[in-house]
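A.B. asks: Before I ask anything, here is the structure I am working with.
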Amino acid sequence: MAAGGARVFALTGKYYHAAELGFDQAGGGFRDSGRVNILPLTLDSLLLQWTCVVPTSGNPLLRYARYRDAIGLKKAMDVMLENARAWMEKKENVYGIDVWNAISKDSVLLIAKMKTVGYPDTKDIYKTIGALRKYIAEHGAKETDHPMLHVTPLENGQYESMIGIATDVALDGNAIFERKRFIPWKVVVGQTRGGPWKAERAMKQLQQYLTDYEKVTMALPFQLLVTERDQESDTTNWVTQVVQPVS
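In our numbering, the protein residues as written are 714 to 960.
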């Protein structure tokens, strides 16, 4: 990569909590190198320490040229470090999803479960959502949020899906549907756009975020299906929120 005009940097070595960068003027080959040390400070902060040594010479003209090189290099390093700081301060750049903290709503849920061979497809999911919505409407209740989805892999390529819809009143369950309560609680929320595998990847990235920030999880994580997937054929337009209650 280039910075500070014609200055060029390239990764030339990897170490534990450190990296080596080669640098030189564009087209001149990597004449010198420096090391970036990654020093953890706090739970959510770290220090990047970039050091390098520019060899000098007994020849006055060459020594002055190397001094000018060192000044230009420092300016380029400052630009690179500032760009790195701005990039890494955005969680979506690090984890691939936008992440924020929130408080869940006090909700009553109507839950249905289903098992499928292979990851559940959109038709399977919305068939169950349709049955839930029909039951809710027939009993005079209304939905208060987007449908919720939690998928658990089982043995032999099977999956169990739990689908829930929040309602404005508590409904009695039956042999198919189960009533649950989702009390107000702290949650961490991430948002992504794309198909089912993008949503599952976002769920994994959210779990990585929780591990990095030492969050204690409470209850099952779930997807909030913001987009009505059965009405939008272009999966790149699907918006999904991934939610994890935390203590």
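Every residue, glycine too, gets a C-beta built ideally from N, C-alpha and C.
What does a CB cutoff of less than 7 Å around THR797 pick up in its chain, not counting 5 residues either side in sequence?
C.D. replies: Here residue 797 refers to the residue found at position 84 when the sequence shown is read from its first residue. First, the amino acid is wrong: residue 797 is Ala here, not Thr. If we look at ALA797 and ignore the five residues flanking it on each side, its Cβ neighbours are LEU761.
A.B. asks: Quick check: what's the CA-CA separation for ILE849 versus ILE878?
C.D. replies: Taking the sequence shown and counting its residues from 1, one reaches residue 849 at position 136. Taking the sequence shown and counting its residues from 1, one reaches residue 878 at position 165. Using only the alpha carbons, I get a separation of about 9 Å.
A.B. asks: Could I get the ranges of all uninterrupted alpha helix (DSSP H) runs contained in the stretch 810-838, with 4 residues as the minimum, in chain order?
C.D. replies: Those alpha helix (DSSP H) runs which fall completely within the stretch 810-838 and span 4+ residues do not exist here.
A.B. asks: Am I right that ASP686 and ASP737 are in contact with their C-beta atoms under 8 Å? What's the rounded C-beta distance?
C.D. replies: Lying before the first or after the last residue shown, residue 686 is absent from the chain, which here runs from 714 to 960.
A.B. asks: Sort LEU938, ASP858, GLN871 by Cα distance to GLY903 and report the nearest one.
C.D. replies: Numbered from 1 along the sequence shown, position 190 holds the residue referred to as residue 903. Comparing Cα positions, the closest option is LEU938.
A.B. asks: Tell me, please, which residues DSSP counts as bridged to TRP763.
C.D. replies: The residue labelled residue 763 in the question sits at position 50 within the sequence shown. DSSP output for TRP763 lists VAL749 as bridge partner(s).
A.B. asks: Compare the beta carbon distance of ALA915 and GLY809 with 9 Å and say whether it is the shorter of the two.
C.D. replies: In the sequence shown, counting from the first residue as 1, residue 915 sits at position 202. In the sequence shown, counting from the first residue as 1, residue 809 sits at position 96. Result yes, Cβ atoms of ALA915 and GLY809 sit closer than 9 Å.
A.B. asks: Does DSSP classify THR769 as helix, strand or coil?
C.D. replies: For the purposes of this step, residue 769 is identified with residue 56 of the sequence shown, where counting begins at 1. If DSSP states are grouped into helix, strand and coil, THR769 belongs with coil.
A.B. asks: Determine the contact status of ASP943 and THR835, defining contact as a CB-CB distance below 9 Å.
C.D. replies: Here the question's residue 943 lines up with position 230 in the sequence shown. Here the question's residue 835 lines up with position 122 in the sequence shown. Yes, Cβ-Cβ distance for ASP943 and THR835 is below 9 Å.
A.B. asks: For ASP819, which residues from the same chain have a beta carbon less than 7 Å from its beta carbon, with the 5 sequence-adjacent residues on both sides left out?
C.D. replies: Translated into the one-based positions of the sequence shown, residue 819 becomes position 106. The answer, listed in chain order, is ILE896, PRO897.
A.B. asks: If LEU994 sits next to LEU845, beta carbons under 8 Å apart, how far is it from one beta carbon to the other, in whole angstroms?
C.D. replies: Any question about residue 994 goes unanswered here, given that the chain covers just 714 to 960.
A.B. asks: Entirely within the stretch 865-900 and at least 3 residues each: give me those beta strand (DSSP E) ranges in chain order.
C.D. replies: 871-880, 891-895
A.B. asks: Can THR930 and PRO958 be called in contact, C-beta distance under 9 Å?
C.D. replies: The residue you call residue 930 lines up with position 217 of the sequence shown. The residue you call residue 958 lines up with position 245 of the sequence shown. Yes, the pair counts as a contact, with Cβ atoms nearer than the cut-off.
A.B. asks: Under the rule that 16 or more other beta-carbon atoms within 10 Å means buried, what is ALA715, buried or exposed?
C.D. replies: Start at 1 with the first residue of the sequence shown, and residue 715 comes out as number 2. Confidence at ALA715 is low in this model, with a pLDDT of 47, below 50, so the placement of that residue should be treated as unreliable; the coordinate-derived value is given next. Classification for ALA715: exposed.
A.B. asks: If you count every other CB in all the chains shown that lies within 10 Å of the CB of ASP782, and 16 or more means buried, which is it?
C.D. replies: Position 69 of the sequence shown holds residue 782. Buried, because 16 or more other Cβ atoms sit within 10 Å of the Cβ of ASP782.
A.B. asks: Following the continuous alpha helix (DSSP H) through VAL807, name the residue where it begins and the one where it ends.
C.D. replies: As a first step, residue 807 must be located in the sequence shown, where it is residue number 94. VAL807 -> alpha helix (DSSP H) spans 804-808.
A.B. asks: Below 8 Å on the Cβ atoms is my contact criterion, and I expect SER874 with THR905 to pass it. Report the Cβ-Cβ distance as a whole number of Å.
C.D. replies: Position 161 of the sequence shown holds residue 874. Position 192 of the sequence shown holds residue 905. So it is not a contact: roughly 19 Å between Cβ atoms.
A.B. asks: Is ILE842 near LYS899, with beta carbons less than 9 Å apart?
C.D. replies: The residue you call residue 842 lines up with position 129 of the sequence shown. The residue you call residue 899 lines up with position 186 of the sequence shown. The beta carbons of ILE842 and LYS899 sit no closer together than 9 Å.
A.B. asks: Report the residue from GLU945, THR940, GLN921, GLU941 whose alpha carbon sits nearest the alpha carbon of PRO934.
C.D. replies: The residue you call residue 934 lines up with position 221 of the sequence shown. Comparing Cα-Cα distances from PRO934 to each of GLU945, THR940, GLN921, GLU941, the minimum goes to GLN921.
A.B. asks: Just verifying my parser: in three-state terms, what is the DSSP assignment at PRO934?
C.D. replies: In the sequence shown, counting from the first residue as 1, residue 934 sits at position 221. Looking at PRO934 - three-state DSSP - the assignment turns out to be coil, as it is neither helix nor strand.
A.B. asks: Can you give the beta carbon distance from GLU856 to THR880, rounded, assuming they're within the 8 Å contact cut?
C.D. replies: Translated into positions along the sequence shown, residue 856 becomes position 143. Translated into positions along the sequence shown, residue 880 becomes position 167. Rounded, the Cβ-Cβ distance is 6 Å, consistent with contact.
A.B. asks: What residue does the alpha helix (DSSP H) around THR924 start on, and which one ends it?
C.D. replies: The residue given as residue 924 occupies position 211 in the sequence shown. Start and end: 909-925.
A.B. asks: Opposite GLN954 in the DSSP bridges: which residues?
C.D. replies: For this step, residue 954 is matched to residue 241 along the sequence shown. Beta-bridge pairing links GLN954 to GLN904, LEU937.
A.B. asks: Shortest alpha-carbon distance to ILE876 belongs to which of ASP837, THR755, VAL807, CYS765?
C.D. replies: Along the sequence shown, one-based indexing puts residue 876 at 163. Comparing Cα-Cα distances from ILE876 to each of ASP837, THR755, VAL807, CYS765, the minimum goes to ASP837.
A.B. asks: Starting from LYS727, follow its DSSP beta bridges and name the residues at the other end.
C.D. replies: In the sequence shown, residue 727 corresponds to position 14, counting from 1. Per DSSP, the beta-bridge partners of LYS727 are ALA732.
A.B. asks: Would you list the one or two residues that DSSP bridges to LEU775?
C.D. replies: If you number the sequence shown from 1, residue 775 lands on position 62. Answer is none; LEU775 lacks a bridge partner.
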